[in-house]
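The opening position of the sequence shown corresponds to residue 14 in the working numbering, with each subsequent residue numbered one higher. We treat Cβ as the ideally placed atom computed from N, Cα and C, and that holds for glycine.
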Amino acid sequence: MPTDFTVKELLSKLTENFKQVSFTVAERCKCFKMYQNNETLTEFALKVKQQADKCEFPNTFYEEALITAFVMNIDSTDIRTHLFQKTFKTFNECVECAKTLCAVLEAASKKNSDQNILKQGTNSEVNSISKKYKKKVHNTAKKQIQNKTDFNTASKENTKTFKCRSCALIHGINQCSAYGVECRFCRKLNHYAKCCRSKNYNPVETNYIKDIFQINSHKESQSPIKIQVFLNDQNNPTELELDTGTRPSILSKAAWIQAGQFPIKNTNIRLRSYSGHEIPTVGEAEVTVSYNTITATLPIIVANIRQSKNLMGRNWLKPLKINIMQCNA
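Quick look at the structure:
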């Protein structure tokens with residue numbers, strides 16, 4: 014006989030008879046094998062959570078199961094590798110961290126893309142300019158060859174810079190700082206000693222050679238001007254020949270011995286005659302020089318000079334107030 018049921022009881026019976034049977038192990042396998050298929054991280058996280066609700070995970074393992082299923086199946090290897098190195102207390106914390114990493118990676122990728130586009134655009138622009146002015150540069154170079162001494166062919170040429178062989182600096186035409194400067198090696202004008210192209214010049218020596226001076230020898234027909242001074246308060250005067258062609262004042266080794274061999278120090282200064290012979294130096298010193306009523310501390314070079322001559326160079330004239338015209342008279 015048919016039995017009477019209420020609507021609620023009837024719906025419950027129907028639901029129980031027709032509901033889809035699910036197995037916990039199978040649902041859990043599905044949860045851990047889900048893949049992110051063109052979904053955002055938020056959408057994928059929601060899908061994982063919906064599947065986890067069917068798996069009957071224990072409450073103590075529920076959050077860890079969500080985190081594991083989510084991290085295992087993210088498409089991005091970079092995000093997954095980074096998440097492997099972190100510990101999360103909740104599933105929401107893991108999802109937010111993944112979103113942050115995704116935003117950082119997208120920003121970096123966009124920046125690299127913009128740089129590549131800019132680089133390609135710059136290269137195209139350079140190539141375009143190069144082709145545009147290639148013929149003009151060729152014509153300019155040809156004109157310079159034909160006019161070797163003409164450096165002012167056009168206004169644009171004046172703005173060009175180059176490494177100058179006279180001063181070793183980079184500048185434009187007619188801007189050389191060595192113009193009018195006397196070379197300390199060859200005594201010629203318009204170049205520095207470090208750029209001197211003389212035959213026997215070694216540019217490496219500029220690192221340790223303080224200066225190069227010439228010792229001028231008087232002609233036999235000229236009477237040398239001799240000046241007596243007192244060195245370091247010596248009782249006996251020392252006689253020096255005036256030589257305006259020499260910059261430093263030079264004391265012979267013999268005179269240095271007679272003066273008591275006052276302390277000297279090593280020197281990097283080289284002396285040579287106009288004939289090219291180098292004169293060996295003993296050293297240099299600061300001496301107290303007395304001349305008439307003037308006393309001054311002046312530098313002097315001790316050298317092995319032939320005939321034991323002592324020379325008074327230009328560096329003593331001004332401190333001792335020596336008048337060359339009066340000496341000649």
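CB contact flag (residue i, residue j, <8 Å)
i: methionine 47; j: alanine 78; result: no
i: cysteine 196; j: alanine 181; result: no
i: methionine 338; j: isoleucine 240; result: no
i: threonine 306; j: glutamate 299; result: no
i: valine 302; j: leucine 333; result: yes
i: lysine 112; j: leucine 54; result: yes
i: threonine 257; j: arginine 327; result: yes
i: cysteine 115; j: isoleucine 80; result: no
i: isoleucine 282; j: isoleucine 318; result: no
i: asparagine 343; j: leucine 284; result: Outside the shown range of the chain (14 to 342) lies residue 343, about which nothing can therefore be said.
i: lysine 173; j: glycine 185; result: yes
i: cysteine 272; j: glutamine 247; result: According to the sequence shown, residue 272 is alanine rather than cysteine. Yes, they are a contact pair.
Residue i, buried or exposed, once every other Cβ within 10 Å from all chains shown has been counted against 16
i: lysine 21; result: exposed
i: isoleucine 270; result: exposed
i: lysine 232; result: Low per-residue confidence applies at lysine 232: pLDDT is 43, beneath 50, and the placement is therefore not dependable, though the value from the model is reported in the following sentence. Exposed, since its Cβ has fewer than 16 Cβ neighbours within 10 Å.
i: serine 262; result: buried
i: cysteine 107; result: buried
i: alanine 191; result: buried
i: threonine 37; result: exposed
i: asparagine 215; result: Unreliable positioning characterises asparagine 215 in this predicted model, as indicated by a pLDDT of 45, which lies under 50. The coordinate reading is nonetheless provided below. Classification for asparagine 215: exposed.
i: lysine 124; result: exposed
i: glutamate 297; result: buried
i: lysine 331; result: exposed
i: leucine 96; result: buried
i: leucine 253; result: buried
i: valine 242; result: buried
i: phenylalanine 57; result: buried
i: phenylalanine 18; result: exposed
Proximity winner among the options, relative to residue i (alpha-carbon distances)
i: leucine 244; options: Tyr304, Pro237, Ile282 and Ser190; result: Tyr304
i: threonine 259; options: Asn72, Ile277 and Ile314; result: Ile314
i: threonine 94; options: Phe104, Asn105, Cys110 and Thr103; result: Cys110
i: isoleucine 277; options: Leu284, Lys266 and Arg285; result: Lys266
i: lysine 102; options: Ile87, Glu56, Tyr75 and Asp88; result: Tyr75
i: alanine 316; options: Thr308, Thr301 and Ser286; result: Ser286
i: aspartate 88; options: Asn51, Thr73 and Pro71; result: Asn51
i: asparagine 203; options: Arg178, His184 and Ile183; result: Arg178
i: phenylalanine 198; options: Glu56, Glu252, Thr174 and Cys208; result: Cys208
i: phenylalanine 45; options: Val84, Glu291, Thr308 and Thr73; result: Val84
i: glutamate 40; options: Lys99, Val61 and Phe57; result: Val61
i: asparagine 336; options: His184, Ile238 and Asp246; result: Ile238
i: threonine 280; options: His290, Gly273, Thr294 and Thr90; result: Thr294
i: asparagine 86; options: Ser126, Lys43 and Asn105; result: Lys43
- Message: I'd like the ranges of any beta strand (DSSP E) spanning at least 3 consecutive residues and lying wholly in the stretch 78-137.
- Response: none
- Message: Quick test of the definition: if touching needs 3 or more C-beta pairs under 8 Å, does the stretch 117-126 touch the stretch 51-65?
- Response: no
- Ordered list of beta strand (DSSP E) runs contained in the stretch 283-313, each at least 3 residues: 283-286 and 294-304
- Entirely within the stretch 34-81 and at least 3 residues each: give me those beta strand (DSSP E) ranges in chain order. none
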